[in-house]
Amino acid sequence: MNDINNITKHAAFRYMQRVKKDNEILTEAQFNNFVKLNPEKFEEIKKMMFEEIDQLKLDFLGEYKIRNNEKSNVHLDQEKRIIYIVKDKNLVTCYKLNFVNCEESNEQIFKAFMKDIFINKNKKNNLITMIEQENIKNNNSITEIELKLKKLKQEMNKLEEEKKELLNSVSDKKIDLEIIDEEIKLSIQKMLNI
278 MNDINNITKH
288 AAFRYMQRVK
298 KDNEILTEAQ
308 FNNFVKLNPE
318 KFEEIKKMMF
328 EEIDQLKLDF
338 LGEYKIRNNE
348 KSNVHLDQEK
358 RIIYIVKDKN
368 LVTCYKLNFV
378 NCEESNEQIF
388 KAFMKDIFIN
398 KNKKNNLITM
408 IEQENIKNNN
418 SITEIELKLK
428 KLKQEMNKLE
438 EEKKELLNSV
448 SDKKIDLEII
458 DEEIKLSIQK
468 MLNI
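Sequential numbering of the sequence shown, starting at 278, is according to the working numbering.
Structure representation (structure tokens):
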């Protein structure tokens, strides 16, 4: 799996506990003490984990918020029934999927979950395709509407200019009227002064 650059101490603890079934490591405190006393062995464990994980064919299930953790990438090793949680290229934890004590029942339960996941992933993919197609259609409609709006704005600007010209025309005539009125008044005053 290429998107893991680091394995956290907690992930190594969970891997040893849940996947490797190391009975010497029962608690995280014991594991932390082991790491403190044996840093070189911890590095060997991480190296072994990287090598094992790199060989796996993992299915990306999606990015989800699992339990109280932040949203993380969820990967599944179907063959070994292990879920890996990866956040920002750090392997954060892993879960070995054992639901009951009977392996045959575990396999049946796992297959039922996988069937549900498969059905829902198909629904999700179909919905994503529908949304993408609708977005394309909507974007085309929006482009057409924007063109119509642009034309309408141009027409509106043109009509505003025509209105302005008409108002200016009347305004010019009113000014002419005032000038003529002033000339008449002047003529009357001249007549009275003679």
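Backbone N, C-alpha and C define an ideal beta-carbon position, used for all residues, glycine too.
query	result
C-alpha gap between Gly339 and Glu423, whole angstroms	37 Å
Nonlocal neighbours in the same chain, by C-beta distance under 6 Å from Asp336, ignoring five residues either side	Leu353
Element boundaries [beta strand (DSSP E), containing Val351]	348-354
Proximity of Cys379 and Tyr292 at Cβ, strictly below 7 Å	no
Pair within 7 Å by beta-carbon distance, Lys334 and Lys342	no
Contact check, Asn350 vs Thr285, beta carbons under 7 Å	no
Where Gln294 falls, given that 16 or more other Cβ within 10 Å makes a residue buried	buried
Reference Asp280; option with closest CA among Phe327, Ile457, Gln410	Phe327
Ile362, buried or exposed, once every other Cβ within 10 Å from all chains shown has been counted against 16	buried
Per-residue burial, Ala306 [other beta carbons within 10 Å of its own, 16 or more giving buried]	exposed
Element boundaries [beta strand (DSSP E), containing Asp365]	Asp365 -> no beta strand (DSSP E), and no H or E assigned at all.
As assigned by DSSP and simplified to three states, the class of Phe337	strand
Distance CB(Ala288)-CB(Lys323) smaller than 7 Å	no
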